[in-house]
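To start, the structure itself, in structure tokens.
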Amino acid sequence: MRVLPVLLWLGLCGRSMANLHLVFDFDGTITEADTTDVLARASITRYKGHRCRNLRGIWDDVVDAYLADYKKFDRRYWPAARHRTTVAQELRYLEKLKPVEEASLNRVSETRFFARLDDQALYRAGIDAVLSGRVVVRPGFRALLELAYDKGWQTDILSANWSRAFIRGVLHAYPDIRTTSNEVTPSTGELRGTNLDLGRLTTSSDKLKALQYLTDGDQGPVIYFGDSTTDLACLLHVQGVILAANKKTSLMKTVSRLGLDAPHVSEPQEEQPALTWASDFHDILDSGILEM
Numbered sequence: 004m005r006v007l008p009v010l011l012w013l014g015l016c017g018r019s020m021a022n023l024h025l026v027f028d029f030d031g032t033i034t035e036a037d038t039t040d041v042l043a044r045a046s047i048t049r050y051k052g053h054r055c056r057n058l059r060g061i062w063d064d065v066v067d068a069y070l071a072d073y074k075k076f077d078r079r080y081w082p083a084a085r086h087r088t089t090v091a092q093e094l095r096y097l098e099k100l101k102p103v104e105e106a107s108l109n110r111v112s113e114t115r116f117f118a119r120l121d122d123q124a125l126y127r128a129g130i131d132a133v134l135s136g137r138v139v140v141r142p143g144f145r146a147l148l149e150l151a152y153d154k155g156w157q158t159d160i161l162s163a164n165w166s167r168a169f170i171r172g173v174l175h176a177y178p179d180i181r182t183t184s185n186e187v188t189p190s191t192g193e194l195r196g197t198n199l200d201l202g203r204l205t206t207s208s209d210k211l212k213a214l215q216y217l218t219d220g221d222q223g224p225v226i227y228f229g230d231s232t233t234d235l236a237c238l239l240h241v242q243g244v245i246l247a248a249n250k251k252t253s254l255m256k257t258v259s260r261l262g263l264d265a266p267h268v269s270e271p272q273e274e275q276p277a278l279t280w281a282s283d284f285h286d287i288l289d290s291g292i293l294e295m
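Numbering (my numbering), first residue to last: 4 to 295.
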């Protein structure tokens with residue numbers, strides 16, 4: 004009984020499904036929570052004593068400065084959240100956040116916080132983070148990746164995270180998946196952009212440009228999986244699946260405020276929904292939306 008909703012959801016037949024392209028955000032989507040502080044820990048724990056305490060203080064200052072900038076921007080921005088009721092208004096707000104995001108990355112770079120931390124060290128940090136339980140991969144991700152590989156579907160990770168090597172370390176036990184993210188320059192600790200030559204990924208529109216680059220020439224459908232407002236433009240550009248514990252997350256509240264319909268993936272639909280949500284990847288697999 005669920006096959007018809009599945010085909011309506013994709014709007015495509017079996018032949019097109021063979022060319023399916025799955026694109027995943029990383030922080031809060033593949034993982035259950037943001038990993039930025041865990042990544043910072045990789046730099047802090049290299050040292051002991053005074054140097055360790057100094058780096059922790061530097062990191063706290065970076066976080067505090069970002070939060071202060073964000074709150075100041077949000078307080079002064081018009082229209083305020085409750086008055087932003089269209090997608091265009093929300094995307095404009097998210098784009099205007101770019102100076103705040105860039106300033107934060109510049110602060111990290113200027114402090115040389117990640118200096119002398121090379122890809123090998125960041126990869127090991129990713130492994131340690133997941134083995135210690137500080138980073139948890141959302142249930143069902145392995146099964147979904149294995150299905151994708153069995154079907155020959157293309158897969159990508161598109162992330163505003165600061166280290167591709169760290170992401171690879173977190174996912175070291177999983178099938179290989181092409182990853183696009185920001186990077187750390189080991190010699191200086193500078194946070195630089197992706198290998199796509201599109202600059203640093205910091206905003207929703209930045210990620211959309213990268214998604215368009217990655218999917219250019221695709222012959223089949225694209226499904227994007229994300230969890231935050233930074234993913235909003237991508238989620239609305241293609242078939243989107245929001246990963247959320249419940250309907251009370253920031254992105255789910257934003258979607259509701261904008262009047263967007265986002266049913267749970269398990270709910271049968273007579274018409275093709277542009278956006279759905281799931282609590283984990285088991286929900287997605289059990290719903291049948293990826294069936295032939």
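Beta carbons are placed, not taken as given, at the ideal position from N, Cα and C, and that holds for glycine.
All values reported here derive from a predicted model rather than from experimental measurement.
If we call anything under 8 Å between Cβ atoms a contact, is residue i one with residue j?
i	j	result
lysine 41	arginine 137	In the sequence on display, residue 41 carries valine and not lysine. Yes, the Cβ-Cβ distance between valine 41 and arginine 137 is below 8 Å.
alanine 265	valine 258	yes
leucine 25	leucine 235	no
phenylalanine 284	alanine 106	no
serine 253	glycine 192	no
leucine 120	alanine 45	yes
valine 241	phenylalanine 228	no
isoleucine 61	phenylalanine 116	yes
Kindly say whether residue i, judged by its beta-carbon, lies nearer than 8 Å to any beta-carbon of chain B.
i	result
leucine 263	Looking at the structure shown, chain B is missing, and only one protein chain is on hand.
For residue i, is the classification buried or exposed, using 16 other Cβ atoms within 10 angstroms of its Cβ as the cut-off for buried?
i	result
leucine 239	buried
glutamine 222	exposed
alanine 83	exposed
aspartate 28	buried
isoleucine 207	Correcting the residue type first, residue 207 is serine in the shown sequence and not isoleucine. Classification of serine 207: buried, given that the 10 Å Cβ count is 16 or more.
aspartate 179	exposed
threonine 232	buried
isoleucine 292	buried
methionine 295	Confidence is the limiting factor: at methionine 295 the pLDDT is only 48, short of 50, which leaves the residue's position unreliable and the question unanswerable from this model.
glycine 31	buried
methionine 4	A caution first: methionine 4 carries a pLDDT of 33, below 50, which makes its placement in the model unreliable, though a value can still be read off. When all chains shown are included, methionine 4 counts as exposed.
valine 139	exposed
arginine 181	exposed
alanine 168	buried
tryptophan 81	exposed
arginine 203	buried
alanine 91	exposed
glutamate 104	buried
Going by alpha carbons, who is nearest to residue i out of the options?
i	options	result
valine 268	Glu149, Ser290, Gly192	Ser290
threonine 205	Arg167, Leu58, Leu23, Leu100	Leu100
phenylalanine 144	Glu294, Asp286, Ile292	Asp286
aspartate 72	Ser282, Pro102, Thr48	Pro102
tyrosine 177	Ala21, His24, Ile33	Ile33
aspartate 77	Val66, Thr158, Glu93	Glu93
threonine 88	Pro276, Trp280, Gly262	Gly262
tyrosine 216	Asp230, Leu201, Ala91, Pro224	Leu201
tryptophan 280	Arg203, Glu149, Leu288, Leu246	Leu246
asparagine 22	Thr218, Met255, Asp230	Thr218
aspartate 37	Gly155, Leu150, Arg141	Arg141
leucine 288	Leu58, Ala151, Lys212, Gln272	Ala151
threonine 39	Val66, Asn57, Arg49, Arg56	Val66
aspartate 64	Glu35, Thr48, Glu104, Thr114	Thr114
What do you reckon, is the C-beta of residue i under 7 Å from a heavy atom of the ligand COA?
i	result
arginine 110	The ligand content of the structure shown is nil, which means the ligand COA is not present either.
Where do the N-terminal and C-terminal ends of the alpha helix (DSSP H) with residue i fall, by residue?
i	result
histidine 24	Histidine 24 -> not in any alpha helix (DSSP H); beta strand (DSSP E) instead, spanning 24-27.
alanine 128	122-135
leucine 42	39-47
threonine 218	207-218
alanine 277	Unbroken run through alanine 277: none, as it is neither H nor E.
arginine 115	Arginine 115 -> no alpha helix (DSSP H), and no H or E assigned at all.
glutamine 92	90-99
tyrosine 152	144-154
threonine 257	253-260
In the DSSP assignment, the beta strand (DSSP E) including residue i goes from what residue to what residue?
i	result
leucine 181	The sequence as given places arginine at residue 181; leucine does not occur at that position. Looking at the DSSP string, the run of the beta strand (DSSP E) that includes arginine 181 is 181-183.
tyrosine 177	Tyrosine 177 -> no beta strand (DSSP E), and no H or E assigned at all.
serine 229	According to the sequence as given, residue 229 is glycine; it is not serine. That run of the beta strand (DSSP E) goes 225-229.
aspartate 159	157-161
glutamate 243	Note that residue 243 corresponds to glycine in the displayed sequence, not to glutamate. First-last of the beta strand (DSSP E) with glycine 243: 242-246.
Exercise. Are the region 165-173 and the region 113-128 touching, with three or more C-beta to C-beta distances below 8 Å?
Worked result: yes
Exercise. Are there three or more Cβ pairs, one per stretch, closer than 8 Å when the region 157-167 is compared with the region 183-198?
Worked result: yes
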